[in-house]
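Residue numbers (our numbering), protein chains in the order written: chain V, 7 to 207; chain R, 3 to 239.
Positions of the beta carbon are idealized from the N, C-alpha and C atoms, including for glycine.
In what follows, a structure is listed as structure tokens, so that the remarks can point back to it.
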Amino acid sequence: MQVDSPPEQLISPILKSLPDPDLPAQICPRRALIQLDLVLLAIEALDLYASELMLLSLEELQLHEVIPNRVEFWRSRNANPLRRSHQRQSLSLDKAKALVAVGCHIARRQTAQVRQLLTVKRQLADKQLTPDHSVLLANYLERFRRHFRSRMNPNRTAVTAYKENEQLDELALSLLEQVLFCTGTAGMERFWSSLFDGEVA
Amino acid sequence: MTIQRQFILPHCTLDLEGISNSVSDAALGSSLDVLLRLACQFGDLKQPLTGGLDLLNSLILATNQCTQAWMSGVPHRRLTKLNQDQSAVHLLPKEEDGFELTVPTSLLNESTQYADDPLSVHLTTIQLFDLVEALDQLVADQQTLPNLSVAVRPLSRSEAASGQVLQKSAPAVLGTVSVAIAAAAFYFLPVPKVSPPPKDQPSPTTTETPNPTAPPLPGATTVPSPASESSDPSPTP
């Protein structure tokens, strides 16, 4: 029997599980774009192959309909207005959900590493030592600094605030703590909701 | 027969004791529907906190609100110290590092071991994560208190603390105040005196030559002087 109706589009359960916030225009606000990209940057600093794993996860999580390829993934990341390659394009809620999902998916794989780094950070702070005294922590901070400086536009006011290494290290450690909370059972929902705090009606 | 459930994480342990609504379920040990006792051990507590459903609900609400606000950097209006409900658990990020959890003794079973002051516990980020994760796992477990839920949703503009609103409206407020100050300053400045333009008076040395062709000004009366008439070389008849 011939069926005339088009095949039903497969919608990822993740897109259904994250609710659409009550925003005037259904696009991500500026703070959400920056925060989302920075958390993904921290995940990339934890693992050199994180970017490739995120691309693979899009297929695994059935999100390739939303972000089909590497170029679209790159364009979605560049919605962050602090990026050098930012072209004033907006980010749809579905694409933002996909980025949140793959970020949390990869972060869960890094849970042990994140916990270890935060434990070391705490131990060093108790001894009043800087994070550079740990090789693991120093490697993470060095990679984060390199990623941040190569991708963010130094002419932006928000970026000039992180001119010094100390300020950038503080940001990297703060993001590391946020990555930890993304790994939890309700981490993805909480991270998604936190992006729109104070923005919804 | 009581049912026991345990949620264990590296820095947090939740022990729950309860009973099932259904006798058959209780025999299978499947569903804990009514909580009789909660014991939670986390942070630097020397002995676990014990309480009932009120303590559990208050813990879930406080950790969820604080964690989300801390992740977004937008504090909840209810999280500010001025708006604290003294009968609920409170969790606030500390200025230096970590978090402070405050539990009122009214929510604890063995409140006599503590003073009347609320119990205060310092938590590191990892300790807080373990507490939040244990509570999230408990909420997600459909076999333990299935009616329990947590509302993870974005804060509305009205729920966000006023500091954030002030921060967003700061440029507009600053502009208005600047205009008001400038207006007040200009009000007190003395009004400049208008100096009248110098009158164009004829100097005594200059001789005025009347223009005979110029028409007389309206309303002006000219009185002919006999001297000027007599000096006319060609009088008309």
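Asked                                                                                                                                                                                            : Found
Start and end of the alpha helix (DSSP H) containing V:CYS3?                                                                                                                                     : Chain V is shown only over 7 to 207; residue 3 of chain V falls outside these bounds and no answer can be derived.
Scan the region 119-138 of chain R for residues whose Cβ lies nearer than 8 Å to a Cβ of chain V and list them as they occur along the chain.                                                    : THR126, THR127, ILE128, PHE131, VAL134, GLU135 and ASP138
Please list the partners that V:GLN184 has in chain C, where partner means a Cβ-to-Cβ separation under 9 Å.                                                                                      : Structure shown: chain C not included; protein chains present are V and R.
Going by other Cβ atoms of all chains shown within 10 Å of its Cβ, with 16 needed for buried, is R:VAL152 buried or exposed?                                                                     : buried
List the endpoints of the continuous alpha helix (DSSP H) containing R:THR69.                                                                                                                    : 55-74
May I ask you to report which of helix, strand or coil DSSP gives R:GLU112?                                                                                                                      : coil
According to the Cβ coordinates, are V:LEU18 and V:LEU69 closer than 9 Å?                                                                                                                        : Note on identity: in this sequence residue 18 of chain V is Ser, with Leu being the wrong assignment. Yes, the pair counts as a contact, with Cβ atoms nearer than the cut-off.
If contact is defined by three or more beta carbon pairs under 8 Å, each pair taking one atom from either stretch, is the region 21-35 of chain V in contact with the region 186-201 of chain V? : yes
Below 8 Å on the Cβ atoms is my contact criterion, and I expect V:GLU181 with V:LEU97 to pass it. Report the Cβ-Cβ distance as a whole number of Å.                                              : Residue identity differs from the one stated: residue 181 of chain V is Leu in this sequence, not Glu. At roughly 19 Å, the Cβ-Cβ gap does not stay under 8 Å, so V:LEU181 and V:LEU97 are not in contact.
How far does the beta strand (DSSP E) with R:ILE128 in it reach, from first residue to last?                                                                                                     : From DSSP, R:ILE128 is part of no beta strand (DSSP E) but of the alpha helix (DSSP H) over 127-142.
Check distances from the C-beta atoms of the region 192-203 of chain V to those of chain R and list, in chain order, the residues that come in under 9 Å.                                        : ALA192, GLY193, GLU195, ARG196, PHE197, TRP198, SER199, SER200, LEU201, PHE202 and ASP203
Does DSSP put R:HIS13 in a helix, a strand or coil?                                                                                                                                              : coil
Hey, does V:GLN41 have any beta-carbon neighbour from chain R nearer than 9 Å?                                                                                                                   : yes
Tell me whether V:SER82 sits in a helix, a strand or coil according to DSSP, three-state version.                                                                                                : helix
Please state if the CB of R:VAL105 and the CB of R:PRO120 are separated by a distance shorter than 9 Å.                                                                                          : yes
Kindly identify the DSSP beta-bridge partner or partners of R:PRO95.                                                                                                                             : R:PHE101
Just grab the DSSP bridge partners of R:ALA41 for me.                                                                                                                                            : R:ASP17 and R:THR52
In whole angstroms, what is the alpha-carbon distance linking R:ASP46 and V:ARG81?                                                                                                               : 46 Å
Taking the straight line between their C-alpha atoms, what separation do you get for V:LEU61 and V:ASN75?                                                                                        : 8 Å
Looking only at its own chain, which residues have a Cβ that is under 7 Å from the Cβ of V:ARG114, when we skip the five neighbours before and after it?                                         : THR189
Hey, is R:GLN6's beta-carbon within less than 9 Å of any beta-carbon in chain V?                                                                                                                 : no
Can you say whether R:PRO214 is buried or exposed, counting buried as having 16 or more other CB atoms within 10 angstroms of its CB?                                                            : The predicted model places R:PRO214 with a pLDDT of 49, which falls under 50 and marks its position as unreliable; any figure quoted below should be read in that light. Exposed is the call here.
So that I know if they touch, is there some Cβ in chain V lying closer than 9 Å to that of R:ALA174?                                                                                             : no
Across the region 9-23 of chain R and the region 125-143 of chain R, are there enough close Cβ pairs to call them in contact, namely three or more that are closer than 8 Å?                     : yes
Give the secondary structure of R:PHE6 by DSSP, where H, G and I count as helix, E and B as strand, and everything else as coil.                                                                 : The amino acid occupying residue 6 of chain R in the given sequence is Gln; Phe does not appear at that position. Correct three-state label for R:GLN6: strand.
Are the C-beta of R:THR104 and some C-beta of chain V separated by less than 9 Å?                                                                                                                : no
Report all residues from its chain with a CB closer than 6 Å to the CB of R:VAL91; omit the five preceding and five following residues, and keep chain order.                                    : SER60, LEU61, ALA64 and VAL105
Can you tell me whether R:THR277 is helix, strand or coil according to DSSP?                                                                                                                     : Shown here, chain R extends from 3 to 239; a query on residue 277 of chain R therefore has no answer.
Please confirm if R:ALA142 has its CB atom under 9 Å from at least one CB of chain V.                                                                                                            : yes
Identify which residue in R:LEU57, R:PRO95, R:GLN70 and R:ARG79 has its Cα closest to the Cα of R:SER89.                                                                                         : R:LEU57
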